[in-house]
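S.K.: Pasting in a structure now, in structure tokens, and then I'll have a few things to ask.
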Amino acid sequence: MRFLIALLLMISFVVPIFAESQQLSTDKGTLNIKIETDPENPIANEQTKIKISFINPKTNSIQEHVDYKVEATNAQKVIFGPIPLTHTAIGTGTIPMNLQDGENKIKIDVEGIVFNPIPPESATFSVFVKGASADTSSAKP
């Protein structure tokens, strides 16, 4: 019994927890794309990991071998990317980026599936970030 409890505790420390989760279909419906943020409540101008999962809508399982690009904007200004065309063999990828205060739009373009080019399809996600709280511990009177 102790072994099982220890194993469960170890797994909880090893498996990253992603909380902010959204899923959308690409504009032509070929794939569903899911994003998750780590930390669950991103802080402005601090690194946030965006986990991207490509899902086959017919099987509802991960779609392997996807070619994609990612770009993030805030107030119509590019804050990240676009990254060069990237391939994921396993159907998921994690992209670190610094989001800004307010609404951040993360656009994911899909340009290939299973080594076959497709006409570009995209999905755009909104991730809202609150600004960093003011640190008054070092403020001088």
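Taking the working numbering, the leading residue of the sequence shown gets 1, the next gets one more, and so forth. Every residue, glycine too, gets a C-beta built ideally from N, C-alpha and C.
(1) Taking residue 63 as the reference, which of 110, 106 and 49 has the closest Cα?
(2) Which residue wins for smallest C-alpha separation from residue 24, given the options 130, 115 and 107?
(3) Let me know if residue 66 comes out buried or exposed under the rule of 16 or more other beta-carbons within 10 Å of its beta-carbon.
(4) With a CB to CB cut of under 6 Å and the five nearest residues on each side skipped, what residues in its chain are close to residue 95?
(5) I'd like to know if residue 26 contacts chain C, where contact means its C-beta is closer than 9 Å to some C-beta of that chain.
(6) State the beta-bridge partners of residue 36 as determined by DSSP.
(7) If you drop the 5 nearest sequence neighbours on each side, which residues of the same chain put their C-beta closer than 6 Å to that of residue 88?
(8) Excluding five sequence neighbours on each side, which residues of the same chain lie with their C-beta closer than 6 Å to the C-beta of residue 21?
(9) Among all the DSSP beta bridges, which residues are the ones paired with residue 121?
(10) Considering residue 75, what are the terminal residues of the beta strand (DSSP E) in which it resides?
(11) Consult DSSP for residue 103 and reduce its assignment to one of helix, strand or coil.
(12) Report back the beta-carbon spacing between residue 47 and residue 74 to the nearest angstrom; my notes put them in contact at under 8 Å.
(13) Could you tell me the alpha carbon to alpha carbon distance between residue 119 and residue 59, rounded to whole angstroms?
M.R.: Per the coordinate set shown:
(1) 110
(2) 107
(3) buried
(4) Excluding residues within five positions, the ones whose Cβ falls inside 6 Å are 50 and 70.
(5) Although the question refers to chain C, the structure presented lacks it and comprises just one protein chain.
(6) 21 and 51
(7) 66
(8) The beta carbon of residue 21 is closer than 6 Å to those of 36 in its chain, skipping five residues each way along the sequence.
(9) Beta-bridge analysis with DSSP links residue 121 to 110.
(10) Following the DSSP letters along the chain, one finds residue 75 in no beta strand (DSSP E), marked with neither H nor E.
(11) strand
(12) Not confirmed; about 15 Å, so no contact.
(13) 22 Å
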